[in-house]
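Engineer:
Residue numbers (this note's numbering), protein chains in the order written: chain A, 170 to 499; chain B, 12 to 80.
Structure representation (structure tokens):
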């Protein structure tokens, strides 16, 4: 069996926050973002995305593996994917687990789904991504607040008796030395919430945050992206024996407009179809690649091979080539 | 140098008349977004990886240009 992406759906929280029109919105391209309600969790959003994708009962009953990518789980334990299996009414013979990754998470999910299907361990994988970074962000921290939006996505990946795989050329990478460049320091076992004193800081640009909030060293992260993305593009092409012309669309993690432009320049992709659209959602972390793929598929015709690539928190990155020939438009 | 100044004005999205002697502290756009933009430009356009601390310690446009050497 060979794995193919057969559908993608996404949902955005109802609450919309507009960025005030400024140089920042012009540079980042982010006009508005969707923010989860106070009592709305990432898994609530993931549930809605999955319901949108699996419209009929037969589709639900066919799912034999659920993968859930989030950095905003409902609880430390149990696994949020288990809660979602029950809430969605998925069969009891369905495997399920969470994994904690950010902007590279979707690519990892595709990689695991391919492994499960092509080794005969699963037939129909449901890959969910959901993120609510807004809950970690100090509203007075303008180095992150205007950039991130909340969202959830659902992707179906199924096995077909084809000669070629619909998911190919995976290149994954990790550099944990940059773990503190994008981090929520307090809350896990290293700095437990109950015993770690609250530390507040206001940086030289007037951004306020505490050690409970999301911190991002934007320059370090963009530098990292500009380093690893061009190499990853080359490695994927090499691994699959492809040229740039063989790819119908380049869909990278939608961080923001200006970093995507610099990446396009550095990867020499100026002449190729390259998705760059964050205006309606901002940076939605692990949801950005599947949202962009769904939008791109709606906006285009005759799409075969797509290069998808994610990079960010970890630091972690990954890319692959997705053959969209079995993609069904909703 | 003139080309660099144009690129810098573009990445900062400033309407101020930049010269080699322009003090960065006088530029409203030399904020965290401006620094991230400059570091990204240095990497993508000039193939130069710059430490943020070094960029932050620059005082003038000429200092930024010198970092790219």
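Even glycine gets a Cβ: it sits at the ideal position worked out from N, Cα and C.
As the structure is a computational prediction, the values presented were derived from the model and not from experiment.
For the alpha helix (DSSP H) containing residue 49/B, name the first residue and the last one.
Structural biologist: Per DSSP, residue 49/B belongs to the alpha helix (DSSP H) from 43-57.
Engineer: Is it buried or exposed for residue 418/A, if we count other Cβ within 10 angstroms and need 16 for buried?
Structural biologist: Result: buried.
Engineer: What did DSSP end up calling residue 284/A once you bin it into helix, strand or coil?
Structural biologist: Looking at residue 284/A - three-state DSSP - the assignment turns out to be helix.
Engineer: What's the gap between the Cα of residue 458/A and the Cα of residue 32/B?
Structural biologist: Spanning the two alpha carbons is a distance of roughly 43 Å.
Engineer: My understanding is that residue 175/A touches residue 325/A, with C-beta atoms under 8 Å, so please give their C-beta distance in whole angstroms.
Structural biologist: That pair is a contact at about 5 Å.
Engineer: Interface residues of chain B around residue 395/A at Cβ under 8 Å?
Structural biologist: Within 8 Å Cβ-Cβ: 51, 54 and 55.
Engineer: Interface residues of chain A around residue 43/B at Cβ under 9 Å?
Structural biologist: Ordered by position in chain A, the residues that pass the 9 Å Cβ test against residue 43/B are 311, 312, 372, 373, 374, 376, 387 and 388.
Engineer: For residue 210/A, which option in 321/A, 222/A, 446/A and 188/A has the closest C-alpha, if you only look at C-alpha atoms?
Structural biologist: Here the closest residue by C-alpha is 321/A.
Engineer: Using a cut-off of 7 Å between C-beta atoms, extract the partners of residue 192/A located in chain B.
Structural biologist: The answer, in chain order, is 24 and 40.
Engineer: Answer yes if the stretch 211-219 of chain A comes into contact with the stretch 436-446 of chain A, meaning at least three C-beta pairs across the two stretches below 8 Å, and no otherwise.
Structural biologist: With a cut-off of 8 Å, the stretch 211-219 of chain A and the stretch 436-446 of chain A do not count as touching, because too few Cβ pairs lie within range.
Engineer: Between the beta-carbon of residue 206/A and the beta-carbon of residue 323/A, is there less than 8 Å?
Structural biologist: No, these two residues do not count as a Cβ contact at 8 Å.
Engineer: Going by C-alpha distance, which of 64/B, 53/B and 20/B is nearest residue 80/B?
Structural biologist: Ranking 64/B, 53/B and 20/B by Cα distance to residue 80/B puts 53/B first.
Engineer: Measure the alpha-carbon distance for residue 485/A versus residue 461/A and round it to whole angstroms.
Structural biologist: Straight-line Cα distance between these residues: approximately 20 Å.
Engineer: Taking the beta carbon of residue 336/A as the centre, do at least 16 other beta carbons fall within 10 Å, making it buried, or is it exposed?
Structural biologist: Classification of residue 336/A: buried, given that the 10 Å Cβ count is 16 or more.
Engineer: Select from 363/A, 467/A and 490/A the residue whose C-alpha is nearest the C-alpha of residue 177/A.
Structural biologist: Among 363/A, 467/A and 490/A, the Cα nearest to that of residue 177/A is on 467/A.
Engineer: How far does the alpha helix (DSSP H) with residue 14/B in it extend, from its first residue to its last?
Structural biologist: Taken as a continuous stretch (DSSP letters only), the alpha helix (DSSP H) holding residue 14/B covers 13-23.
Engineer: According to the Cβ coordinates, are residue 340/A and residue 487/A closer than 8 Å?
Structural biologist: Closer than 8 Å, so yes.
Engineer: Contact criterion: CB-CB distance below 8 Å. Does residue 65/B meet it with respect to chain A?
Structural biologist: Chain A, which has no Cβ nearer than 8 Å to the Cβ of residue 65/B, makes this no.
Engineer: Does residue 59/B come within less than 8 Å of chain A when only Cβ atoms are used?
Structural biologist: Output row for residue 59/B: interface = no.
Engineer: Under 7 Å between beta-carbons, which chain B residues line up against residue 391/A? List them in chain order, please.
Structural biologist: Under the 7 Å cutoff, chain B gives 47, 50 and 51.
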